[in-house]
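**Q**
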């Protein structure tokens, strides 16, 4: 039980995922933040950039120090793979929050993100969703932390896919707080444009689509090789900073559930409870969740139900996009990789109200 | 062009729809607000209850004065029909914002709202959506103003239904500002519960469902008697005061649209533009709308598109729930009923940002 | 009463003040928007930049057309004076929303804004606050529309200054919605930074300070040549888009008010009501105002009171910073300059809730 | 270092302070929540009332169990004293978040809150602000946790008062998130009324005024027996859930600070840094704080400065009203009372953005 302190580096601490990693790791009992990098702010102290980190008084440096035990990267895609490749090759444990190590198929990556800088590393990486890949993550030295939307959608639909029940069109109508768009300045994150406003975006295709298809298809095909899986994914922007709610409308195979509406609801919840029995951060709820119930916490609340009018299944999930959907998911993987109990350093209780 | 001033009464001015009627009618060049009623606040002046109406300094009274020319009611359902019946029987023009005169079928009403106080009046009422029933409203003396969600969903889907194209399950994933829940105090409208929070509700069925089915089925069946129409409607609560965005995922009949994705998008927009050519407040947009673009205005922005990945149609609509979705829709009907140009007293320009 | 239509140009329509001018002028019964300019967006249609203006389908051009009757400018300071000088010299009526024609004293301007491009025009301009300078505005051809904060603070304190009652330090603790910072991208207007957050800024001095001092001193000195006037002005950023609330803590000359607290409150309100008797957009209220009561309207609500514990006077005022604090104030001046009744084209009723 | 687990009871867990105590204590390494009470919800599980506490699955009971080591009370005033008196008399450590044990003077209490149920206990209580009363709290068995506004104002002004520098009128212009008004339903906490809105309230006197005067006077008089202290306190409601920012405008005794503006700023900050050198949760900042920097954390950020125009001192402080201003302050006192290091179980890092 005696845990030596792990020395962690955070690359590109100056965005929201980087700052959230700093918040979580600074309070993690088994971690010491050894260094933080961030090109544009080199020379400043971390609290000058992020005053809420006033008690984490580290200099922002250009390069990762010698002697760190693990690297967390919050670089954008492409830049991440390029910067991380040497560490991966040295065998350093690397946890990357970009898209570079999420997609196993190079062509799919290329279609959405352009050429991959280090395609040879794809085979070595694990999709960092512990609820699906706990063992592989535990064994891995390179983890690609899932996107925020895929985290919410996959956790909502995985138990159905694992039964081989998905068939036909699944609609994922997802709603995200604005921090998902990052700290870079753009008109669509400008306060006056977003405040008291609600809109859809990404209607010509969103980069998080292939992740959902990759993971759900893998589950589905393991169970039912012939099943078709179509995902219509429409993201929306909510006038709030944190949180994702995904409302998922799957089409289920005939006969997937039977009985009265009540019986089918109960069977559905039982399936979910059982599927997530060993997942400490997934809470299968009997009432519809709200995003703020997860604020600042690594929780995913999942609510599967049946529409009594149409008899169709609807599944809703809620997460904090910066925690379970990014930095918290990363820390959860880190715990597994380092033999630390999965829940250490992560809260299950949202800052509510 | 000489328009005599119409003397209007507002019954139950003390809720948000009542207050919004007061805002609009006070600025309507052809209207004089003759009296406002509101049981709980009788004896006060209107600005004591609603300080933003400081320039509309009327007493709140218990009963409608003699000598009014039209009655706008913002009473809740059941109370509305009961209070309005005598006026309807006298032939007084009545515009009712409750659910009492929206559903033509008494049994459907009863299933969702309980016994109807005056079922004999249902046959005389018109569903107050001018874009579908302009002529009938013009001739009518009793109008049931549509619910806010149905306004957004029906305007998003009507052109498809009118083609007989809807087939199978249509998902209406709708998101509303909190004012849709009214001014009555409840935990789900309490600031600290709703702020920075997003959730779904009404998952066991919402009262606005039958309106959508009634109106879309009527359009659909006029074109295609055999078509099936299933609507899964899930409302959500957005941390903002006003606005509804409805993201609609219709299933279309095979062969409804053909050609490349671009051709199908263009055909779809052309269908919508043509269907709404005479609707002054419906704007068919080439880019996804946001709710704040309609704030305070009677506009409905509709955006039909095709998902390039799945080839499926998605239609998004945006309104201000208190204007086009309630008080503004009522004033639009009033204009038609009184031979006033449809656009008078209503803005098309949202208060943005 | 027959009013010919005035052809108006809006220079730099692409910021929030420009867009708000477009909203107001498009609905002004005596105005036709003849042209709108905006360097960075030339060639686009106005609704491409501002979809809420979908019904104002004008091209954005580089230069003001021939044949306009009045120019509204929403350029930033310095750029405004430079661009407007030729029009002013031609005798064209010009209404400028920048700081260039607000300060009568060239040196004061220089201290806060740098060199003035056209100091020779300062003598010809009028400070565009009709409540203080109605006659001068009516006669003027060049109006400098007040800043948003000064509008709120001056209207809160003018009746006291006009009595010669201000003496010693007056604290103006003002709170503004984020739209006051404009449409330009900056971290301090980034949604995730501002949302659910509250902060002070400008603590080393804010450019709106000298306007307050100029106008209040002029009033004060007309009444009491010897009085001292010190203003501590601290602006704050509120997580909302529109609205300013100024809480003013004046120090009053000994003997300024006498009697019991109730008597002093009543005397104070009577003073304010009488001072603003002819101001159609200033409402002296008996209860503390809130900003949303003025949303989208040209109203200023003023609430003077006496703290029963300390006996000190506090005055609170509320406006919509983009309307009464910018574009609406500009239109009000325009009406006066063109002999149009002061209230035309402007609402007194906020879009509430 | 071996710490036995302290068994804590939370009385009236069903309000926001109670829920926040549950959040903090559930994650406190030295505490076990032994029981939670809440009259109106007896029989439910805690997560049924507060779904964010899904991992704290306790029954809500009517009465405190035997065998608890400490009582935290989140009852309202009067009810608190009545319910807590027997425990106090038994010598049980009690930490009360109501106003009942904050004011040492019975008459002052009576003027603001009505008759005190147990005036005999006032002498035994300590004002629970560790930054002022660390030793007394450590020795105490009855602590009255300060109000949220007083926490922010006193921490902003204490170093000045302790120098005997306050003289004349001090303005405390404070702005609070809506959660400060609690979970009880009222129109002034109704989402649509508060959202995108800003207002002042409590202009006829606010109950938190006497606390500020009590504590600042005590500091001031210890240093300068003759000094006058007048506080004008105006609270405001910010459209956000958590956070207080207090902007304080003290009048300082002549000669309190000297030198250039820069020198005076530096002297001021040095005074503050030195005064708070041993306070782990008070951060004296060189830049103006914002409330969200403290979200969910027990931090108070204090920013003292000098207005370069007027030469006057302004001090700004920021806290999370539910943490440092209520439940976190309570836990900090608890740590002191039980010999636990002051920082245990409390975060210094806000959940930002």
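Residue numbers (my numbering), protein chains in the order written: chain A, 884 to 1236; chain B, 884 to 1236; chain C, 884 to 1236; chain D, 884 to 1236.
Built from N, CA and C at the ideal position, the CB exists for glycine as well.
Taking 7 Å as the threshold (C-beta atoms), are residue 1028 of chain B and residue 980 of chain B in contact?
**A** Within the second chain, numbered from 1, the residue matching residue 980 of chain B stands at position 97. Within the second chain, numbered from 1, the residue matching residue 1028 of chain B stands at position 145. Result yes, Cβ atoms of residue 980 of chain B and residue 1028 of chain B sit closer than 7 Å.
**Q** Determine the chain D residues that contact residue 899 of chain B at a beta-carbon separation under 8 Å, and present them in chain order.
**A** By one-based count along the second chain, residue 899 of chain B stands at place 16. The answer, in chain order, is 1075.
**Q** Find the nearest neighbour of residue 1099 of chain C within the set C:1142, C:1087 and C:1050, judged by alpha-carbon distance.
**A** By one-based count along the third chain, residue 1099 of chain C stands at place 216. Nearest of C:1142, C:1087 and C:1050 to residue 1099 of chain C, Cα basis: C:1050.
**Q** Please check the pair residue 904 of chain C and residue 962 of chain C, which I expect to be a contact at CB under 8 Å, by giving their CB distance rounded to whole angstroms.
**A** For the purposes of this step, residue 904 of chain C is taken as residue 21 along the third chain, with counting starting at 1. For the purposes of this step, residue 962 of chain C is taken as residue 79 along the third chain, with counting starting at 1. So it is not a contact: roughly 16 Å between Cβ atoms.
**Q** Count the other C-beta atoms from every protein chain shown that fall within 10 angstroms of the C-beta of residue 929 of chain C, then say buried if there are 16 or more, exposed otherwise.
**A** Counted from its first residue, the third chain places residue 929 of chain C at position 46. That one is buried.
**Q** Give the DSSP bridge partners of residue 979 of chain A, in chain order.
**A** Position 96 of the first chain, counted from the start, is the residue given in the question as residue 979 of chain A. A:956 and A:1027.
**Q** If you compare alpha carbons, which of D:1184, D:1150 and D:1080 is closest to residue 1164 of chain D?
**A** Here the question's residue 1164 of chain D lines up with position 281 in the fourth chain. For the residues D:1184, D:1150 and D:1080, the minimum Cα distance to residue 1164 of chain D belongs to D:1184.
**Q** With 7 Å set as the bound, which would you pick, yes or no: does the beta-carbon of residue 1149 of chain D sit closer than that to a beta-carbon of chain C?
**A** Here the question's residue 1149 of chain D lines up with position 266 in the fourth chain. With 7 Å as the cut-off, residue 1149 of chain D does not count as an interface residue toward chain C.
**Q** Mind reading off the beta-carbon distance from residue 1231 of chain B to residue 1081 of chain A? Whole number of angstroms is fine, and I expect it under 8 Å.
**A** Position 348 of the second chain, counted from the start, is the residue given in the question as residue 1231 of chain B. Position 198 of the first chain, counted from the start, is the residue given in the question as residue 1081 of chain A. That belief does not hold up - the Cβ atoms of residue 1231 of chain B and residue 1081 of chain A are roughly 20 Å apart, past 8 Å.
**Q** One question on the structure: do residue 996 of chain C and residue 960 of chain C come within less than 7 Å of each other, judged by their Cβ atoms?
**A** As a position in the third chain, residue 996 of chain C is number 113, starting the count at 1. As a position in the third chain, residue 960 of chain C is number 77, starting the count at 1. Yes, these two residues count as a Cβ contact at 7 Å.
**Q** Taking only beta-carbon atoms, is residue 927 of chain C less than 7 Å away from chain D?
**A** Counting from 1 along the third chain, the entry for residue 927 of chain C is found at position 44. No, its Cβ sits nowhere closer than 7 Å to a Cβ of chain D.
**Q** Taking DSSP's pairing of strands, which residues face residue 1166 of chain B in a bridge?
**A** Residue numbering aside, residue 1166 of chain B sits at position 283 when the second chain is read from its first letter. Residue 1166 of chain B pairs with B:1184.
**Q** Whose CA, out of A:1008, A:1181 and A:1190, lies closest to the CA of residue 1113 of chain B?
**A** Position 230 of the second chain, counting from 1, holds the residue named residue 1113 of chain B. Nearest of A:1008, A:1181 and A:1190 to residue 1113 of chain B, Cα basis: A:1190.
**Q** Quick one: what's residue 901 of chain B bridged to in DSSP?
**A** Translated into the one-based positions of the second chain, residue 901 of chain B becomes position 18. Looking at the DSSP assignment, residue 901 of chain B forms no beta bridge with any residue, so it has no partner.
**Q** Check the C-beta distance from residue 1083 of chain B over to residue 1171 of chain A and give it rounded, since I have them as a contact under 8 Å.
**A** Your numbering for residue 1083 of chain B matches position 200 in the second chain. Your numbering for residue 1171 of chain A matches position 288 in the first chain. That pair is a contact at about 5 Å.
**Q** Whole alpha helix (DSSP H) runs in the stretch 1199 to 1228 of chain C with 4 or more residues, listed along the chain?
**A** DSSP runs (the alpha helix (DSSP H)) wholly in the stretch 1199 to 1228 of chain C: 1211 to 1220.
**Q** Going by DSSP, which residues form a beta bridge with residue 1127 of chain C?
**A** For this step, residue 1127 of chain C is matched to residue 244 along the third chain. For residue 1127 of chain C, the beta-bridge partners assigned by DSSP are C:1059 and C:1202.
**Q** Give, in chain order, every residue of the stretch 1178 to 1194 of chain C whose Cβ lies closer than 9 Å to some Cβ of chain B.
**A** Contact annotation: in the stretch 1178 to 1194 of chain C, residues whose CB is within less than 9 Å of a CB in chain B are 1178, 1179, 1180, 1182 and 1184.
**Q** Ignore the nearest five residues each way along the sequence and tell me which others in residue 1106 of chain A's own chain have a CB closer than 8 Å to its CB.
**A** Taking the first residue of the first chain as position 1, residue 1106 of chain A is located at position 223. Excluding its 5 nearest sequence neighbours in each direction, residue 1106 of chain A has C-beta neighbours in its own chain below 8 Å: 1044, 1045, 1046 and 1047, listed in chain order.
**Q** Examine the Cβ distances between the stretch 918 to 928 of chain C and the stretch 1210 to 1226 of chain B and report whether three or more of them are shorter than 8 Å.
**A** no
**Q** Less than 7 Å separating the beta-carbons of residue 1193 of chain C and residue 1115 of chain D?
**A** Locating residue 1193 of chain C in the third chain gives position 310, counting from the first residue. Locating residue 1115 of chain D in the fourth chain gives position 232, counting from the first residue. Yes, the pair counts as a contact, with Cβ atoms nearer than the cut-off.
**Q** Tell me which residues of the stretch 946 to 965 of chain D have at least one Cβ-Cβ distance to chain B shorter than 8 Å, keeping chain order.
**A** none
**Q** For residue 1256 of chain A, go through chain B and note every residue whose CB falls closer than 7 Å to its CB, in chain order.
**A** In the structure displayed, chain A extends from 884 to 1236; residue 1256 of chain A sits before or after that span and is not available.
**Q** For chain C, check one thing: does any of its Cβ atoms lie closer than 7 Å to the Cβ of residue 1083 of chain D?
**A** Here residue 1083 of chain D corresponds to residue number 200 of the fourth chain, with the count starting at 1. Yes, residue 1083 of chain D counts as interfacial toward chain C.
**Q** Chain B partners of residue 1237 of chain A, CB-CB under 7 Å?
**A** Outside the displayed range of chain A (884 to 1236) lies residue 1237 of chain A, so it cannot be described from this structure.
**Q** Using the Cβ count rule (16 or more neighbours within 10 Å means buried), how would you classify residue 1129 of chain C?
**A** Here residue 1129 of chain C corresponds to residue number 246 of the third chain, with the count starting at 1. By the 10 Å Cβ count, residue 1129 of chain C comes out buried.
**Q** Would the stretch 961 to 975 of chain B count as touching the stretch 999 to 1015 of chain B if we require 3 or more Cβ pairs under 8 Å?
**A** Cβ pair count under 8 Å is three or more, so yes.
**Q** Taking any Cβ of chain A, which residues in the stretch 1083 to 1104 of chain B have a Cβ under 7 Å from it, in chain order?
**A** 1083, 1084, 1086, 1087, 1088 and 1092
**Q** Strictly under 7 Å for the Cβ-Cβ distance: is residue 1121 of chain B near chain D by that measure?
**A** Here residue 1121 of chain B is taken as the residue at index 238 of the second chain, counted from 1. Closer than 7 Å: no.
**Q** So which residues on chain B does residue 825 of chain A lean against when the C-beta distance must stay under 9 Å?
**A** It is not possible to answer for residue 825 of chain A, since the shown part of chain A is limited to 884 through 1236.
**Q** In terms of DSSP beta bridges, what is residue 1049 of chain C paired with?
**A** Within the third chain, numbered from 1, the residue matching residue 1049 of chain C stands at position 166. Answer by DSSP bridge pairing, in chain order: C:1135.
**Q** Is residue 1089 of chain D closer than 7 Å to residue 1133 of chain D when the C-beta atoms are compared?
**A** The sequence position of residue 1133 of chain D within the fourth chain is 250, counting from 1. The sequence position of residue 1089 of chain D within the fourth chain is 206, counting from 1. Taking 7 Å as the Cβ cut-off, residue 1133 of chain D and residue 1089 of chain D do not qualify as a contacting pair.
**Q** Could you name the residues of the same chain whose beta carbon sits closer than 7 Å to that of residue 899 of chain C, not counting the 5 residues immediately before and after it, in chain order?
**A** If you number the third chain from 1, residue 899 of chain C lands on position 16. Excluding sequence neighbours, residue 899 of chain C sits near 1062, 1065, 1066 and 1205.
**Q** Going along chain D in order, which residues have a C-beta closer than 7 Å to the C-beta of residue 1062 of chain B?
**A** Against the second chain, residue 1062 of chain B aligns to sequence position 179. Correct list: 1075.
**Q** For the alpha helix (DSSP H) holding residue 1151 of chain A, just list the boundary residues, first then last.
**A** The count along the first chain starts at 1 and reaches residue 1151 of chain A at position 268. 1144 to 1158 is the extent of the alpha helix (DSSP H) around residue 1151 of chain A.
**Q** Going by DSSP, what residues sit across from residue 920 of chain A in a beta bridge?
**A** Position 37 of the first chain, counted from the first residue, corresponds to residue 920 of chain A. Answer by DSSP bridge pairing, in chain order: A:944.
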